[in-house]
Structures are given as structure tokens and as C-alpha cells.
Amino acid sequence: MNARLSPWRLGATLYMPAVRNDIAEAILRDKITGLRSLVICLEDAVSDAELPQALHNLQQLLQQLNAAQCAEGNAAWPLVFIRPRHLAMAEWLIENLDLTAIDGLVLPKFTLSTLPNWWQIIAETHLHLMPTLETEEVFDVVAMRELAQALQQHPCRSRILALRIGGNDLMNTLSLRRPRHLTLYDTPMGYTIKMLVAVFASRDFVLSAPVCELIDDQMMLENELRLDIAHGLVGKTAIHPSQIAAIQSQLMVSAADHADALRILNSSQAVFKSQGAMCEPATHRRWAEAILARAQEYGIAAENSSGNATLLRNLFT
């Protein structure tokens, strides 16, 4: 996987309905500040009546992107994914459109039973995959273990950038909606996220965090982001540009964690004390590697005199 397609580059992954006419500006002309990755959505964000217009817009967008990529490359672009409605639509897109400028597909309603069908239509393409875990099977730890084991051995493994947790769809299967005063971790999704991390992250899969649909509640978003990061999730779905800065500022690494990570990876000691805590390279190495990967993308934050995180340096720019 090339450096452009590192999961650490996802950051706030903004969903944009394919009916929008300004997607090219977001990709080619930095219309949305800080945008690192986006998903052109042909599924839930597009009604049946809007679908013809959405596909027309997508065709025009692809022509613009392919021309721009040929002329100047895509190194400065955000990562670009398409979320098809279903398998049949994905097959149509691949067969009828030039997806050269697209990094990959977000696979909706992904399950073990649909894996062979998805791979059949994607195997011969360059596209990377972000399967979405959002069906009732996701609540079954045995089903998730079987899926993780199958993906480990499957040829698609090297194409999977991240597994996305579909929070709203999963809550819908329980006939629930997130209460406005609670994070997802205070709902049945708390158990679900912990279980998915235990099953998939232990097998070296990356998981990205569900959307926080409380667009105007920055405090709730920040509280949820702290929990996302504590659970090892990489990046978070965004549904509004106003969420991007908050998500990506939380992905910055504290100066304390950065210092610990460097010592863990460079120490010859089996165990040592740092900043009041035990550090044990044998058991903390993978954490330290993840911390440095995050710092490379999002920079390091330090505590100022009032206790607020401020930018110390941004290693990516």
C-alpha cells in the first residue's frame, strides 16, 4: 500500500451526496479547509428520485478528475472514495465509468456472505476497500470473528484500508437513535465498538469511528472523539465541514504521549518509569508505533498555561 493510502491519512472522512455540484471544487481547489478524505455517496444520502442526477453528476466529476490527474497528479488531493448503493451498482460503475482517479469504494452492508461477490467485481481493479460493518451480524461476536479470520486469509486483505463502523445503521437495527445528551459509547454501540476493536484490531485491521450526527454540539463531538481515540479508532466519519477541524485536532498527539513513544521505541531497558507511569517496550511497542504514525500526520499538541491543547508543530505540513 503506497503512502497516499495510509489509513492515518483519513482524518475526518466527509460524506458528500453525489447530487452535489461542488465536489470537484472540494477535491481540486481546496474548497473545504483541512479535508483529507471524502466519500461520494450514492446510497443513504441520495433518494431514489435523485439517483439519475447523482449518476450524471458522478460521470461529469470523473471526467474532471481524470483530466486533472493526468495533468498534475493527485498527490495534493484528499483521498476519494465512492459509496455505491449495492453490489449491482458497484459492478455497473466499474464496467461503465473510468474510475482511474478514485482511490476506492466504501462497501455498504458488508458481511462474510457478500465478500465473494464484492471481490469478484473488484479484484481486477486498482480500487482499495473500506467495508462498512452495519448489519445485525455485527452484534454477534462469533460472526465477527469468522469474518475477521476470513479476511485475514483472503486476497482482498492488502486492499482493505480500513473497516468502517456504521453507527447509525447499527442503532437502527435496534430501533434506537443516539440520545442528544450521550455519546455513542453510552449506548449499546459502546459494547459493539469494544468488541469490534477486540476482534479486528487484534488481527491488525484498522477501524474508523462512526459519525456524530450532533452537528452543533462540539462538546459532545470532542467527548466522543476522546473515546474513539482511547479505543484505537483511526479517523471518524464527518457529515458537515464544521466537524473536520475538531476531529483532526483531536487526532493530534500530546507531547507527553509522543515523548513516551520515542522512549519506548528507543530504550534498551525492559521496563522504566516515564511521567509517572510504567513503560514496557515489549508490551507498549505497537501503541508507540501508532502514536508516531499519528504524530507524522497530525502533529503534536502541548498543554498551554490554561490547560488547552495548542499546536506545537505539524509534521505533515
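Residue numbers (this note's numbering): 1252 to 1568. Cβ coordinates follow ideal geometry from the N, Cα and C atoms, glycine included. Owing to the predicted nature of the structure, the values given are computational and were not obtained by experimental measurement.
What are the boundary residues of the beta strand (DSSP E) that includes residue i?
i, result
"P1258", "Taken as a continuous stretch (DSSP letters only), P1258 belongs to no beta strand (DSSP E), as it is neither H nor E."
"A1275", "Premise fails: A1275 lies in the alpha helix (DSSP H), 1274-1279, not in any beta strand (DSSP E)."
"P1382", "1379-1384"
"L1289", "1288-1292"
So for residue i, helix, strand or coil by DSSP?
i, result
"F1390", "helix"
"C1407", "helix"
"M1395", "helix"
"R1336", "coil"
"R1537", "helix"
"R1415", "strand"
"G1441", "helix"
"A1528", "strand"
"A1489", "strand"
"A1553", "strand"
"A1544", "helix"
"A1460", "strand"
"I1345", "helix"
"L1356", "strand"
On the DSSP letters alone, give me the boundaries of the alpha helix (DSSP H) that residue i sits inside.
i, result
"S1453", "Neither: S1453 is in no alpha helix (DSSP H) and is coded neither H nor E."
"A1515", "For the record, residue 1515 in the displayed sequence is Ile; it is not Ala. I1515 -> alpha helix (DSSP H) spans 1506-1517."
"H1307", "1302-1323"
"M1471", "1469-1481"
"S1500", "1495-1501"
"L1366", "1366-1373"
Determine the contact status of residue i and residue j, defining contact as a CB-CB distance below 7 Å.
i, j, result
"C1407", "W1370", "yes"
"A1305", "V1270", "yes"
"G1285", "Q1499", "yes"
"V1504", "P1258", "no"
"H1509", "I1551", "yes"
"Q1315", "A1275", "yes"
What does the alpha-carbon distance come out to for the pair residue i and residue j?
i, j, result
"Y1266", "S1426", "23 Å"
"R1477", "A1327", "28 Å"
"I1356", "I1283", "Before going on, a small fix: residue 1356 reads as Leu here, not Ile. So the two alpha carbons sit approximately 21 Å from each other."
"G1324", "R1260", "17 Å"
"H1535", "I1515", "7 Å"
"H1465", "A1319", "Position check: residue 1465 holds Leu in this sequence, whereas His was assumed. Each residue's Cα considered, the two are about 35 Å apart."
"G1483", "P1492", "23 Å"
"L1256", "E1531", "31 Å"
"A1507", "L1513", "10 Å"
"T1383", "F1523", "40 Å"
"L1414", "A1374", "18 Å"
Can you give the beta carbon distance from residue i to residue j, rounded, assuming they're within the 8 Å contact cut?
i, j, result
"H1379", "D1349", "Actually they are not in contact, since the Cβ atoms of H1379 and D1349 sit about 17 Å apart, beyond 8 Å."
"W1437", "A1460", "Sequence inspection shows Asp at residue 1437; the Trp mentioned does not correspond to that position. 15 Å between Cβ atoms; not a contact."
"G1527", "V1462", "35 Å between Cβ atoms; not a contact."
"L1402", "M1381", "No, L1402 and M1381 are not in contact; Cβ-Cβ is about 13 Å, not under 8 Å."
"L1293", "P1335", "5 Å"
So does residue i have its beta carbon nearer than 6 Å to some heavy atom of the ligand HEM?
i, result
"D1479", "Although the ligand HEM was asked about, the structure shown includes no ligands whatsoever."
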